[in-house]
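Enquirer: So that you can map any letter, position 547 of the sequence shown is 546 in numbering that gives the first Met the number 0, and since no number is skipped, the others follow by simple counting. Glycine residues also receive a C-beta, built at the ideal position from the N, C-alpha and C atoms.
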Amino acid sequence: MANLTYTEFLEELERRLESLSVDDFKNIFLKKARKVHPDLRCEFLAQFNKSGMEDSSRLNCDAIMAELAAFIQRLEDGDYCSGWEWDPVYQEEREWGDESWAREMDRFFLLAREMLFLGETKQAEEVYSQLFSALELGREPGHLPGDPECTNMLDVDMDEHLALFCRAIYFNSPPEKRAERLFQTINEYDDFDRGLSLKEIMGAQDKRLPDFHRFLLDWLELLKDQPQSFVSSLIREAVFLQGGVNAVADLARQNPEEYPLAYLDWIAALDPDDTEGICQVAREGLAKIPRDYAVRAQVADVLAKLGGRLRDDQLQLEGCRERFISHPTLEHLVDLYLSALAVDSFEEICELAADRIRELEQAERPYSNNHERKTSSVAGDVAAHVFLLGGRYEEAVSRCEEKSSLGWSYSTNPKPVVLVFLLKLLAGRAEHTRFVEKFWERTVRVSDAYLQKYTSVMETIQEKIPISGEQEEFFLNWCIGQVKERADAIVSNKYRSSYDKAAEILVALAEVLTAKGRGGISLIEEYHLKFQRYNAFRKELRRAAAELGFVNKRK
């Protein structure tokens, strides 16, 4: 179950409690009691005294404020810090010292929450304001030791407490100032949350926000004057809260270029079992949202997943096709090709994918800081996969011309993808391909699940489009040239940190040559002699080769 707001949690708890009998309650608490630590048993029992079930007494707010002031003064004075040193765990320098400040701050956050729940809204706002300002001290050395991201030190849920802070501000502000003050707070403390929503603010407490209808009108009016890239989600949410499904549907239809994600809001508001309605809205979104918007793929994803759930291969292909068109990633490509194979339309889809790649490579890509309007693009390695998985090996090879034999960590260079694909293709079902597989897993950067899917497509295409003996000879010679060129570039330029990569790619090629009866050992010997003065490289080469029994480690 997804994270629940406080209100949703209480509603769900009440629903479940209504179905329980007295014996059910006894069994639940007896099971919990068996797990209580011996030191906490008295505290656990105290919950069942009548006094423990009554409402909490009023807090001594003045005392809490005095304690908080003293705590913040200690933070500002650097009392918790002992030095600034390198941390091998975080791989960066950080503050060292007494990390108990985090537990103290957790306590004050919980006290602020209790204040708000007891109706002490002004004091709660003041405590929250001071706590969030204190966390800003983590941006400079000398105050908050521990994790460089100081909020990671806290146990409390920062999103929920920021929502509670906003509730306190809402209650304490005059109606005409609520929208402005709330927006200022969300904007000021946006580093502390994942993108606060009105739903989270409304649901952080089981108490209605007064005059909420008027607030929504002021809220929308204020948001319209803000940069759309920052407030789009807030506007879409407010429109839905104000007018429901019909309002968000109108927003989507009237502004598909400005608010394309409104189609997802619309779909989310529909009954999950209304598959016909979901398909209709998703298809309308795909028709209206510009195909070069990357977010359009999220609408297409709805169709792809729905097709999978309904076992409707054509619907799944439709979703996968449009998803790849708007956001061509390797995962989307693999899903697209698998869907095409399922309905026997692989050649058509291969042509479509290739055309889309060429189209994107030639198109100008305007910059936008608005993620909803970010345009489609394709990385060089993904483009290579399109042609390789489609059986168009020659075109994939031709795309490697004039590409560097260095800098293979970047997705713009298709060479490593094409090389490892062809090595794996040439190795076939040879038994000893450990380094080919290692190179493969390092280069095809997807999850294990997608790696299996990829391999499935690859094997199917190899059966459908087998390579000839002449092609095999050409590809093998090309691979030999590329591997030697890369090894030479790494070692000759003394890139010591990459000597292991040069050695392992040579051994991977040697595995393939051995499988083809072309003498893999001679390749290892050639490079062992070629770089006699590069002892560090020779050591790496001996290590890699010895793992497969090509040479003796002590040689």
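For T411, does the count of other Cβ atoms within 10 angstroms reach 16, so buried, or fall short, so exposed?
Expert: By 1-based counting over the sequence shown, the position of residue 411 is 412. Exposed, since its Cβ has fewer than 16 Cβ neighbours within 10 Å.
Enquirer: Measure the C-alpha to C-alpha separation of E75 and D189 and round it to an integer number of angstroms.
Expert: Counted from its first residue, the sequence shown places residue 75 at position 76. Counted from its first residue, the sequence shown places residue 189 at position 190. C-alpha separation (whole angstroms): 22 Å.
Enquirer: Give the straight-line distance between the Cα atoms of F345 and Y336, rounded to the nearest whole angstrom.
Expert: Numbered from 1 along the sequence shown, position 346 holds the residue referred to as residue 345. Numbered from 1 along the sequence shown, position 337 holds the residue referred to as residue 336. Approximately 7 Å between the Cα atoms of the pair.
Enquirer: Give every residue of the same chain whose Cβ lies closer than 8 Å to the Cβ of A426, excluding the five residues on either side of it in the sequence, and list them in chain order.
Expert: Residue 426 sits at position 427 when you count from the first residue of the sequence shown. Excluding positions up to five away in sequence, the list reads T432, V435, E510, V511 and A514.
Enquirer: Select from S521, G480 and A237 the residue whose C-alpha is nearest the C-alpha of S404.
Expert: One-based indexing of the sequence shown puts residue 404 at position 405. Looking at the Cα atoms, G480 is the closest of the given residues.
Enquirer: Quick one: is A352 buried, meaning 16 or more other Cβ sit within 10 Å of its Cβ, or exposed?
Expert: Here residue 352 corresponds to residue number 353 of the sequence shown, with the count starting at 1. Buried, because 16 or more other Cβ atoms sit within 10 Å of the Cβ of A352.
Enquirer: I'd like the span of the alpha helix (DSSP H) that includes R282, first residue to last.
Expert: The residue you call residue 282 lines up with position 283 of the sequence shown. T274 to K287 is the extent of the alpha helix (DSSP H) around R282.
Enquirer: Would you tell me roughly how many angstroms separate the C-alpha atoms of E53 and Q204, rounded to the nearest one?
Expert: For the purposes of this step, residue 53 is identified with residue 54 of the sequence shown, where counting begins at 1. For the purposes of this step, residue 204 is identified with residue 205 of the sequence shown, where counting begins at 1. With a pLDDT of only 49 at E53, under the threshold of 50, the placement of this residue in the model should not be trusted, and no figure is reported.
Enquirer: With DSSP as the reference, please indicate the residues paired to Y258 in a beta bridge.
Expert: Along the sequence shown, one-based indexing puts residue 258 at 259. According to DSSP, which records beta bridges pairwise, Y258 is partnered with nothing at all.
Enquirer: Take every Cβ of the region 110–124, pair it with every Cβ of the region 161–170, and state whether three or more of those distances are shorter than 8 Å.
Expert: The region 110–124 vs the region 161–170: in contact.
Enquirer: Any idea which residues DSSP pairs W83 with across the strands?
Expert: For the purposes of this step, residue 83 is taken as the residue at position 84 of the sequence shown. Answer is E94, bridged to W83.
Enquirer: In whole angstroms, give me the CA-to-CA distance for M104 and P174.
Expert: Within the sequence shown, the letter at position 105 stands for residue 104. Within the sequence shown, the letter at position 175 stands for residue 174. Rounded to whole angstroms, M104 to P174 spans 31 Å at the Cα level.
Enquirer: Once the 5 residues before and after G468 are set aside, which same chain residues still bring their CB inside 6 Å of it?
Expert: Residue mapping note: residue 468 aligns to position 469 of the sequence shown, counting from 1. Contacts found: none.
Enquirer: If the criterion is Cβ atoms closer than 8 Å, does the pair W83 and E94 meet it?
Expert: Sequence index remark: in the sequence shown, residue 83 carries index 84 (1-based). Sequence index remark: in the sequence shown, residue 94 carries index 95 (1-based). Yes. Within cutoff.
Enquirer: Ignoring anything shorter than 4 residues or poking outside the region 173–210, list the alpha helix (DSSP H) runs there in chain order.
Expert: 177–187 and 197–202, all fully within the region 173–210.
Enquirer: Can you list, in chain order, the residues of its chain with a C-beta nearer than 7 Å to that of V381? Leave out the 5 residues immediately preceding and following it.
Expert: Residue 381 sits at position 382 when you count from the first residue of the sequence shown. Here the set comprises P327, T328, L329 and L332.
Enquirer: With DSSP as the reference, please indicate the residues paired to Y557 in a beta bridge.
Expert: Since the first and last residues shown for the chain are 0 and 554, residue 557 lies out of range.
Enquirer: Report the three-state DSSP secondary structure of Q225 (helix, strand or coil).
Expert: Mapped onto the sequence shown, residue 225 falls at position 226. Coil.
Enquirer: Can you list, in chain order, the residues of its chain whose CB lies under 7 Å from that of L215, leaving out five sequence neighbours each side?
Expert: Numbered from its first residue, the sequence shown carries residue 215 at position 216. Same-chain partners within the cutoff: A237, L240 and Q241.
Enquirer: In terms of residue numbering, what span does the alpha helix (DSSP H) encompassing N534 cover?
Expert: Your numbering for residue 534 matches position 535 in the sequence shown. Its alpha helix (DSSP H) spans residues N534 to A545.
Enquirer: Below 8 Å on the Cβ atoms is my guess for P144 versus Y79; work out the distance and round it to an integer in Å.
Expert: The residue you call residue 144 lines up with position 145 of the sequence shown. The residue you call residue 79 lines up with position 80 of the sequence shown. About 6 Å separates the two Cβ atoms, so the contact holds.
Enquirer: What did DSSP end up calling I63 once you bin it into helix, strand or coil?
Expert: Within the sequence shown, numbered from 1, the residue matching residue 63 stands at position 64. Looking at I63 - three-state DSSP - the assignment turns out to be helix.
Enquirer: Could you tell me whether the region 529–549 touches the region 478–495, using the rule of 3 or more Cβ pairs below 8 Å?
Expert: Because the criterion of three Cβ pairs below 8 Å is met, the region 529–549 and the region 478–495 touch.
Enquirer: Measure the alpha-carbon distance for R541 versus M152 and round it to whole angstroms.
Expert: By one-based count along the sequence shown, residue 541 stands at place 542. By one-based count along the sequence shown, residue 152 stands at place 153. Those two C-alpha atoms are separated by around 46 Å.
Enquirer: Using 8 Å as the threshold, is the C-beta distance between A133 and I63 below it?
Expert: The residue labelled residue 133 in the question sits at position 134 within the sequence shown. The residue labelled residue 63 in the question sits at position 64 within the sequence shown. Contact: no.
Enquirer: Just confirm the distance between the C-beta atoms of E256 and P289, as a whole number of angstroms; I'd bet it's less than 8 Å.
Expert: As a working note, residue 256 is residue 257 in the sequence shown. As a working note, residue 289 is residue 290 in the sequence shown. 6 Å between Cβ atoms; contact.
Enquirer: Tell me the rounded alpha-carbon separation between E440 and F474.
Expert: In the sequence shown, residue 440 corresponds to position 441, counting from 1. In the sequence shown, residue 474 corresponds to position 475, counting from 1. The straight-line gap from Cα to Cα measures roughly 21 Å.
Enquirer: In terms of alpha-carbon separation, which member of A268, D272, D273 and L260 lies closest to L285?
Expert: Position 286 of the sequence shown, counting from 1, holds the residue named residue 285. Ranking A268, D272, D273 and L260 by Cα distance to L285 puts L260 first.
Enquirer: Out of F116, L136, V419 and R106, state which residue places its alpha-carbon closest to the alpha-carbon of R565.
Expert: For the chain, the structure presents residues 0 to 554; residue 565 sits outside this window and is missing.
Enquirer: So, is R553 buried or exposed, given that buried needs 16 or more other C-beta atoms within 10 angstroms?
Expert: In the sequence shown, the residue the question calls residue 553 occupies position 554. Per-residue confidence for R553 stands at a pLDDT of 41, beneath the threshold of 50, marking its modelled position as unreliable; no derived number is given.
Enquirer: Is it the case that the Cβ atoms of V294 and A268 are separated by a distance below 8 Å?
Expert: As a first step, residue 294 is located in the sequence shown; it is residue number 295 there, counting from the start. As a first step, residue 268 is located in the sequence shown; it is residue number 269 there, counting from the start. No. Outside cutoff.
Enquirer: Which of helix, strand or coil does DSSP assign to V443?
Expert: In the sequence shown, residue 443 corresponds to position 444, counting from 1. V443: coil per DSSP, three-state reduction.
Enquirer: What whole-angstrom Cβ distance do T442 and V416 have, given they're in contact under 8 Å?
Expert: Locating residue 442 in the sequence shown gives position 443, counting from the first residue. Locating residue 416 in the sequence shown gives position 417, counting from the first residue. Contact flag correct, Cβ pair sits at about 6 Å.
Enquirer: Where does the unbroken alpha helix (DSSP H) through W100 begin, and where does it stop?
Expert: Residue numbering aside, residue 100 sits at position 101 when the sequence shown is read from its first letter. Unbroken alpha helix (DSSP H) run through W100: W100 to F116.
Enquirer: Under 8 Å Cβ to Cβ from A178, same chain only, skipping five residues before and after it: list those, please.
Expert: In the sequence shown, counting from the first residue as 1, residue 178 sits at position 179. So the qualifying residues of the chain are F214, D217, W218, E220 and L221.
Enquirer: Might you give, ordered along the chain, the residues of its own chain that have their beta carbon closer than 7 Å to the beta carbon of Q129, omitting 5 neighbours on each side?
Expert: Taking the first residue of the sequence shown as position 1, residue 129 is located at position 130. Once the five neighbours on either side are set aside, the close Cβ partners of Q129 are L67 and I71.
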